[in-house]
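Student: Handing you a structure now.
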Amino acid sequence: MNKFYTETLHKLETEINDLEIETDHSIQRIEAFIDIILKYLSEVKKYVLNRGFKNIGEEIHFFKYQKPTIVSKLIYYNTIYKIETKKPYGSKPIKKYLNDELRKLKRYFARLIPIRQSLLRQQFFGL
C-alpha cells in the first residue's frame, strides 16, 4: 500500500506542478487541478477497494495520514475555485471581496488553533 500511495502522490504532485508552470491563473486551470486530484483520489479508492488493508494499523495509517494529504489538496483548490468564481468585477469590489474572504479564512484557522494544540498535547504527553 505504501509504495502504491507514494507513487500515486508523486504523480499527482508532478502533474500539479507541471500545470502550475505552464498555465495562467484562470478558473479553467483550477478546474483542471480539481479534475487531476479527483482522478488520483479515484485511483487510490479503487486500489483500496480491490486490495484492502493488510492489518488494522495499515488502515489507520491510510485514513489518518495518507488520504488526508490528497483530500487536503482537493479542499484547497475547491476553496480557491469558490473564491475565484464568486469574485465581483471592478477593482474596489474585488479588493473588498478578497479582504472579506481573507478575514473568513483567518477566523477559520484561528478556531483550529485550540484543536491543534490539544492534538499536539495528546501526541506528546499522552493526555
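Numbering (numbering that gives the first Met the number 0) for the sequence shown: 0 to 126. Glycine included, each C-beta is placed from N, C-alpha and C at the ideal position. Since this is a predicted model, take the numbers as computed values, not measurements.
Measuring straight from C-alpha to C-alpha, what distance separates HIS9 and ILE112?
Tutor: Taking the sequence shown and counting its residues from 1, one reaches residue 9 at position 10. Taking the sequence shown and counting its residues from 1, one reaches residue 112 at position 113. Roughly 30 Å separates the two Cα atoms.
Student: Can you tell me the Cα-Cα spacing of LEU18 and THR84, whole angstroms?
Tutor: Working through the sequence shown from its first residue, we reach residue 18 at position 19. Working through the sequence shown from its first residue, we reach residue 84 at position 85. If I take the Cα positions, the gap works out to 20 Å.
Student: Can you tell me whether GLY56 is helix, strand or coil according to DSSP?
Tutor: For the purposes of this step, residue 56 is identified with residue 57 of the sequence shown, where counting begins at 1. Residue state, collapsed to three classes: helix.
Student: Is the beta carbon of ILE36 less than 7 Å from the beta carbon of LYS72?
Tutor: Numbered from 1 along the sequence shown, position 37 holds the residue referred to as residue 36. Numbered from 1 along the sequence shown, position 73 holds the residue referred to as residue 72. It is a contact, given that the beta carbons lie within the stated cut-off.
Student: If we call anything under 7 Å between Cβ atoms a contact, is PHE3 one with TYR46?
Tutor: In the sequence shown, the residue the question calls residue 3 occupies position 4. In the sequence shown, the residue the question calls residue 46 occupies position 47. Contact: yes.
Student: According to the neighbour-count rule (16 or more other Cβ atoms, all chains shown, within 10 Å of its Cβ), is VAL70 buried or exposed?
Tutor: Indexing the sequence shown from 1 puts residue 70 at position 71. By the neighbour-count rule (16 or more Cβ atoms within 10 Å), VAL70 is not buried but exposed.
Student: Grab me the residues of PRO92's own chain with a C-beta within less than 8 Å of its C-beta, minus the 5 sequence neighbours each way, in chain order.
Tutor: As a first step, residue 92 must be located in the sequence shown, where it is residue number 93. Within the same chain, PRO92 has no close Cβ partners at all.
Student: Out of curiosity, what's the CA-to-CA distance linking GLY51 and ASN77?
Tutor: In the sequence shown, the residue the question calls residue 51 occupies position 52. In the sequence shown, the residue the question calls residue 77 occupies position 78. Their backbone Cα atoms lie some 29 Å apart in a straight line.
Student: Determine the burial state of PHE124: buried for a count of at least 16 other Cβ atoms within 10 Å of its Cβ, exposed for fewer.
Tutor: Within the sequence shown, numbered from 1, the residue matching residue 124 stands at position 125. Exposed, since its Cβ has fewer than 16 Cβ neighbours within 10 Å.
Student: Check LYS85 in the structure and name its three-state DSSP category.
Tutor: Reading the sequence shown from its first residue, position 86 is the one you call residue 85. Here LYS85 sits in coil by DSSP.
Student: By the three-class DSSP mapping on this structure, what secondary structure does ASP34 have?
Tutor: Within the sequence shown, the letter at position 35 stands for residue 34. Three-state DSSP puts ASP34 in a helix.
Student: Give the single residue among LEU104, LYS86, LYS105 whose Cα lies nearest to the Cα of TYR96.
Tutor: The residue labelled residue 96 in the question sits at position 97 within the sequence shown. That would be LYS86, whose Cα lies nearest to the Cα of TYR96.
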